[in-house]
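Single-structure report; data block below.
Residue numbers (the UniProt record's numbering): 1 to 263.
And the structure:
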């Protein structure tokens, strides 16, 4: 079985499934996807992702504030985040992190929010889902400063091997999305070949970043199969072994997730 380790089920374009999330998840299950981690990005969608995790046995969720969703003038409140993390289906913190690509002027605000999420991780022991873009040095600096015992994952990884190695050295996992299938992603494919087998996850980040041959169309959790098949081929592994390994990695990183051993 596979796990889609990062998807936004509350934001999917469901046109291909007649507007039905039930149908979209059923299509993914039919392709061997046995579990989904639905990601929180703001205070506004925390209730939505928790409701989805309550509704489906094979869905867990995270809660946090994406760096591009941090409100000007204020980081999210630590008390709010700790309260949200008490929900039994919230198995991770985030996504959080830094994104200077779109909002370099918000660096200090984003750093304050990121530090708060890392503080919550220190207090709860729950792993952190990290988004980083255009902020390599500051992301690594804050992760080193936090020294998390249970670390987390750099999701939808698009950086080079030096950053991947630095994150791995801090205990983090690397998650790869459909970007690795893109024609111009040679550098990322080089990273994908080198990540240790026991530290790799796969994701869709749906509804964004659909893999080849669906690039440009709305992404869906069922397409994590294409990502996994591509990576297995790239790494010279069987698809079955790759799926088993990445699922085991997910269960190790997110021990509170209720992942069944088979579907």
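From the three backbone atoms N, C-alpha and C, an ideal C-beta is built for every residue, glycine too.
Computed from a predicted model, the values in this text were never measured in an experiment.
For residue 2, the uninterrupted beta strand (DSSP E) segment begins and ends at 2 to 7. Spanning the alpha carbons of residue 126 and residue 63 requires a straight line of approximately 11 Å. Shown here, residue 36 sits in a strand according to DSSP, grouped into three states. Segment contact: the region 81 to 90 against the region 28 to 37, fewer than three CB-CB distances shorter than 8 Å; contact not assigned. Around residue 208, the same chain offers 219 as residues with beta carbons nearer than 7 Å, after the five sequence neighbours per side are excluded. With fewer than 16 other Cβ atoms inside 10 Å of its own Cβ, residue 238 counts as exposed. With respect to residue 37, residue 9 sits apart: the two C-beta atoms are not nearer than 7 Å. Here the region 237 to 251 makes no contact with the region 185 to 192; the two share fewer than three CB pairs at distances below 8 Å. Around residue 148, the same chain offers 121 as residues with beta carbons nearer than 6 Å, after the five sequence neighbours per side are excluded.
DSSP places residue 209 in the coil class of the three-state scheme, outside both helix and strand. Residue nearest to residue 133 within the set 146, 166, 117 and 96 is 96 (criterion: CA-CA distance). In the DSSP annotation of this structure, the continuous segment of the beta strand (DSSP E) that includes residue 59 starts and ends at 59 to 63.
Restricting attention to 199, 184 and 19, the CA atom closest to the CA of residue 175 is found in 199.
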